[in-house]
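*Asks:* My questions all concern the structure below.
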Amino acid sequence: TETAPVISVNMPDALDLDSMRVVKGNKAGTVGRAIPGTMVKIIDPDTLEALPVGEDGLIVVGGPQVMQGYWGDDAATSEVMVMLDGIRYYKTGDKGHVDSDGFISIVDRYSRFAKIGGEMISLGGVEAQLERLFDESIELIAVALNDAKKGEKIVLLYSGDLMPDAMQSTVKHSDMIPLLHPSQFLQVTTLPKLASGKSDFKAAKRLARELSDADG
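In the working numbering, the protein residues as written are -19 to 196.
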């Protein structure tokens, strides 16, 4: 992979024999601290400026384990590598933050966000809100598609017996804030899945784009 074999770890707590103080080596909900020789920064994905401690942004990684680039594909390499203060960093595509103790938390993937009117909307968050409104017979995936007016729009791909109008009406009369409401509800027989059984978000976006274009 691009940063093989490891970036950060959670370690067992350790006793500092000089101070007889327990040094915390792990924190629940995080992916640990960066290993020695590895540099992790949180930057604004648009300006590439470093962000304050605790603020969510794009996680970039520098160190000896970072790849030189994609073989024979300079264009793809330039998209994911960035020079910051003379050091080559890899743009992980993950959104997260580093706390005051140096522990790294990953919030989501930037590919799983929609930028609507300047606001970054978590598609995973949209799905969680929608799952509250419907029973388990409704499976759903939210994707972001281009929109001429707002930049992007949220489109819901779902399987289940409810018709799109009924889905839209339920959402409209719910307590979900309007910014999170999908612009389109696209009903399919089955949702795209990976071999692992997890949702295939890339395939879902392709399918939603095809259906949205056909519907439009």
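All residues carry an ideal CB built from backbone N, CA and C; glycine is no exception.
Tell me whether P162 is buried or exposed, calling it buried when 16 or more other Cβ atoms sit within 10 Å of its Cβ.
*Replies:* P162 comes out buried.
*Asks:* Judging by CA-CA distance, which residue of T72, I15, D65, D53 is the nearest neighbour of L38?
*Replies:* Closest option to L38, Cα to Cα, is T72.
*Asks:* Output the boundary residues of the alpha helix (DSSP H) element that contains Q148.
*Replies:* Its alpha helix (DSSP H) spans residues 144 to 152.
*Asks:* What's the C-alpha gap between G66 and P144?
*Replies:* Whole-angstrom Cα-Cα distance: 52 Å.
*Asks:* Sort E111, F181, S192 by Cα distance to R89 and report the nearest one.
*Replies:* Looking at the Cα atoms, F181 is the closest of the given residues.
*Asks:* Tell me, please, which residues DSSP counts as bridged to E99.
*Replies:* I96, per the DSSP bridge assignment.
*Asks:* Determine the burial state of L(-5): buried for a count of at least 16 other Cβ atoms within 10 Å of its Cβ, exposed for fewer.
*Replies:* Under this definition L(-5) is an exposed residue.
*Asks:* Assuming V11 and V41 form a contact by the criterion Cβ under 8 Å, report the distance between their Cβ atoms to the nearest whole angstrom.
*Replies:* With a Cβ gap of about 11 Å, V11 and V41 do not count as contacting.
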